[in-house]
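Numbering (the numbering used here), first residue to last: 14 to 418.
Backbone N, C-alpha and C fix where the C-beta goes; we use that ideal spot for every residue, glycine too.
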C-alpha cells in the first residue's frame, strides 16, 4: 500500500518542455515545506507509540512491620514482605501494538495527501507564473508593433494621408499596453512570492518558467478507476482498519487480568520450645484474577466502535462523491479549454490575415488607422485568450492527475 501511495506522489503530467523544471520545483517543495515536515514528525511520533504500548502494570512491592508481634505455634511474626505482578490477558499487548501501528498507517496516508495537495498548489502557481510571463511577452510584441504603426502614421501625416489624431490614438494605445505590462509585473512578483513560500525559501528568488506550453493533439487517457486509489479515500480505509484493531483490543482488555505474587513473613524462634519448625519463616505464593463483572465500559466501547465504522463508511462515500464531481468538472473544464484554444487559434489566424490586408492597403496609400487599432486589439485579445486556454488546460490536467494518478 505504501508503494502505491508513493507512486501516486509523482503524478503530474506536463508539457514535454517543462516537465523537468516543474518536477524539480515539486521535489524541492516536498523536501522543504514545513507542513510536510510536520506531518512526517506526526508519523514518527505515531510509530514511536508502538514502543509505548509494550508495557505491563507496575509491580507492587509491600513491606509491613508488626508493632505487636502476633504469636503463632512456630514463633512470633515480625514483619511481612510481599511482591505482586498483574498480567493482561493473552494477546493484549500484541493487540495494543496492532492498534497503534494501524493509527501510524493512517498518519502515513496524511503525508501522501499533504504531498499531493502541495504538488497541486505548486503546479497551479507555476502555470499562473507562466501565463503572466507569456502575457508580458505578448504585450512587448504588441507595443513594438504599435511603435511601427506610429512611425507609419507619422509618415502618412507628412504626406497628408493621415491626421495627428491617428498618431495620438496609437500613442494612447501604447500607454494602455505599458500600463497593463506594469500591472502584470506586480502580479508576477506577488505570485512569485506565493510560489517561493510553497517551497519555503526567500520570496525574492527568481522563478524560471518555460517560454512556451503547447496543448497536445490528443488528451491522455484517464483511468477513472484509479480514483479509488486516491489517498483521500485510502485514509478512510486505514481509519476503518484502525477501528477494527481498536475493537480487538477492547475485547482483549475486557478479559480477566491474572496476578502472581509472593508473601514472605520472617518468624522468630520460641526460646522455650524445641521442635523442627520452630522459627520457620512463612513463604506464601499467590495467584489472583481480576474480572470485570459489573463493568459496562467494554460493551459501550464495542457499540461506539460499530457506530464509528458506520460513520467512516458514510464519510468515505461522501468523499468519493465529492472526488467524482471534481473529476467530472475537471474533465469538462479541460475539454472546454481545448475548444477555446482551437477557436482562438483560428481567430488569431484570421486577425493576422486582416493585418496583412491592412499592410498591403498602406502600400497603396489607403490605410485606415482606426482599422489598424481594431485589428491590433483583436490580435491581443486572441493571444491573451490562447495563453489563458493553455494555462487553464494544464491546471485542469493537474487536478485530474491529483485525483486519478
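Inset, instruction - Under 8 Å by Cβ, that's how I've got residue 35 and residue 138 pegged, so tell me the actual separation to the nearest angstrom. - result: 10 Å between Cβ atoms; not a contact.
Inset, instruction - Using 7 Å as the cut-off, classify the Cβ of residue 281 as near or not near the heavy atoms of the ligand FAD, replying yes or no. - result: Ligands in the displayed structure: none, and consequently the ligand FAD is not present.
Legend entry - Residues of its chain near residue 364, where Cβ-Cβ distance is below 7 Å and the 5 sequence neighbours each way are ignored: 388, 391, 392, 395
Legend entry - residue 435 - DSSP class collapsed to helix/strand/coil: Nothing can be reported for residue 435, as the shown portion of the chain is limited to 14 through 418.
Legend entry - Own chain, CB closer than 6 Å to residue 346, minus 5 neighbours either side, in chain order: 409
Legend entry - Residue of 117, 132, 81, 59 minimising C-alpha distance to residue 42: Measuring from the Cα of residue 42, the nearest candidate turns out to be 132.
Inset, instruction - Mark residue 52 as exposed unless 16 or more other C-beta atoms lie within 10 angstroms of its C-beta, in which case mark it buried. - result: buried
Legend entry - Endpoints, the beta strand (DSSP E) within which residue 116 is located: Under the DSSP assignment, residue 116 falls outside any beta strand (DSSP E), being part of the alpha helix (DSSP H) whose first and last residues are 105-171.
Legend entry - Proximity winner among 191, 269, 285, relative to residue 86 (alpha-carbon distances): 285
Legend entry - Cβ-Cβ distance between residue 102 and residue 270 below 8 Å: yes
Legend entry - residue 76 beta carbon less than 8 Å from that of residue 275: No, these two residues do not count as a Cβ contact at 8 Å.
Inset, instruction - Out of 311, 177, 272, 117, state which residue places its alpha-carbon closest to the alpha-carbon of residue 55. - result: 117
Inset, instruction - Please determine, among 292, 261, 150, 220, the residue with the shortest C-alpha to C-alpha distance to residue 190. - result: It is 150.
Legend entry - C-beta contact flag for residue 272 and residue 98 at 8 Å: yes
Inset, instruction - Name the two residues that bound the continuous beta strand (DSSP E) containing residue 8. - result: The requested residue 8 does not occur in the structure, where the chain is confined to residues 14 to 418.
Inset, instruction - Quick one: using the 10 Å Cβ neighbour count with 16 as the cut-off for buried, is residue 277 buried or exposed? - result: exposed
Inset, instruction - Would you mind stating whether residue 127 and residue 48 have Cβ atoms separated by less than 8 Å? - result: yes
Inset, instruction - Using alpha carbons as the reference points, say which of 308, 280, 181, 366 lies closest to residue 296. - result: Answer by Cα proximity: 280.
Inset, instruction - Answer yes if the region 318-327 comes into contact with the region 361-375, meaning at least three C-beta pairs across the two stretches below 8 Å, and no otherwise. - result: no
Inset, instruction - Give me whichever residues DSSP pairs with residue 298 in a beta bridge. - result: 275
Inset, instruction - Counting only the same chain and skipping the five closest in sequence on each side, list residues whose C-beta sits under 7 Å from that of residue 179. - result: 166, 382
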